[in-house]
Amino acid sequence: MFFKQEYIASVETNPSILFFDLEMTGGNTRYDEILQFSIVDLYKGVVFNEYIKPRKCKSWKDTEAIHHITPEIVKDCFTINAHQATIKNLFKHADMVIGYGIENDLRFMKKDKIFVGKNTIIYDLQKSFSRVYSNDNNMPSLKSCAQYYRCPNLGKAHDSLIDTYITVYCFVCIYGLDMPKWLKDIVEKQKSN
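1 is the number of the first residue of the sequence shown in full-length UniProt numbering; add one for each residue after it.
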């Protein structure tokens, strides 16, 4: 399923195409919670990026070593409840919601009663990239996808905002779209650093 830029543009003058990523205290939806939630609009850039204070989890040493989100970072943040209406409103009006390896993210969203609109297309870029990258059923990492498409360093990996930027970059490359201006600006800024 390949989109050409003109087909996407013909859907609507400015379709709402949102990319998202989450960082969590762990991978178990029964016990773990969301720590960071980022949403980026393909045409507008960042529309939501917040650290989230867990309601119950007090420690997450295993995942802290990966995403470097400490209890100290989120201690004064709002819980997911405070952000639900904003996030739901963004997703409810989206034409397409895209992420990379999003099955677990969607389970966490469901746990917190965050759903996309009933007519919204949910698209996992990892599944498309796996067909390009590998003949077996392995699901390649976002890092592998970024390397394949020569994504420049956009910041530290496992920050949900940076991972979302990388997903947008790879999506644009896979489907031959024009790089959005906001992402071009980020790429240029990173190159000059």
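We treat Cβ as the ideally placed atom computed from N, Cα and C, and that holds for glycine.
query, result
"Quick one: what's got a C-beta closer than 7 Å to Phe-108's C-beta in the same chain, skipping five residues either side?", "Leu-22, Met-24, Thr-29, Ile-34"
"What does the Cβ neighbour count give for Arg-53, buried or exposed, with the cut at 16 atoms within 10 Å?", "Checking the sequence shown, residue 53 turns out to be Lys, not Arg. Buried, by the Cβ-count rule."
"Let me confirm a value: Ile-17 is counted as buried when at least 16 other C-beta atoms fall within 10 Å, else exposed. Which label applies?", "buried"
"Which residues in the same chain have their Cβ closer than 6 Å to the Cβ of Ile-8, if we skip the five residues on either side of it in sequence?", "With a pLDDT of 48 at Ile-8, under the threshold of 50, the modelled position of that residue is not reliable, and no figure is offered here."
"By the three-class DSSP mapping on this structure, what secondary structure does Phe-78 have?", "coil"
"With a threshold of 8 Å, are at least 3 pairs of Cβ atoms found where one atom belongs to the stretch 89 to 103 and the other to the stretch 136 to 152?", "yes"
"Hey, would you say Asn-14 sits closer than 8 Å to Tyr-43, going by beta carbons?", "yes"
"Once you ignore the five residues that flank Leu-183 on each side, which residues in its own chain have a CB closer than 8 Å to its CB?", "Gly-45, Tyr-165, Val-168, Tyr-169, Val-172"
"What is the C-beta distance between Ile-87 and Phe-48, in whole angstroms, given that I count them as a contact (C-beta under 8 Å)?", "6 Å"
"For Lys-156, which residues of its own chain have a beta-carbon under 8 Å away from its beta-carbon, when the five flanking residues on both sides are left out?", "His-68, Ile-162"
"Does the distance from the CB of Phe-91 to the CB of Val-116 come in under 8 Å?", "yes"
"Would the C-beta of Lys-113 count as close to the ligand NAP, meaning under 7 Å from any of its heavy atoms?", "As for the ligand NAP, it is missing from this structure, which has no ligand bound."
"Decide if Glu-50 is buried, meaning its Cβ has at least 16 other Cβ atoms within 10 Å, or exposed.", "buried"
"Quick one: Cα of Met-96 to Cα of Ile-114, how far?", "15 Å"
"Just how far apart, CA to CA, sit Phe-37 and Ile-122?", "17 Å"
"Which same chain residues, not among the five before or five after Thr-120, have their C-beta less than 6 Å away from its C-beta?", "Ala-94, Val-97"
"First and last residue of the alpha helix (DSSP H) that includes Ser-192?", "181 to 192"
"For Ala-146, is the classification buried or exposed, using 16 other Cβ atoms within 10 angstroms of its Cβ as the cut-off for buried?", "buried"
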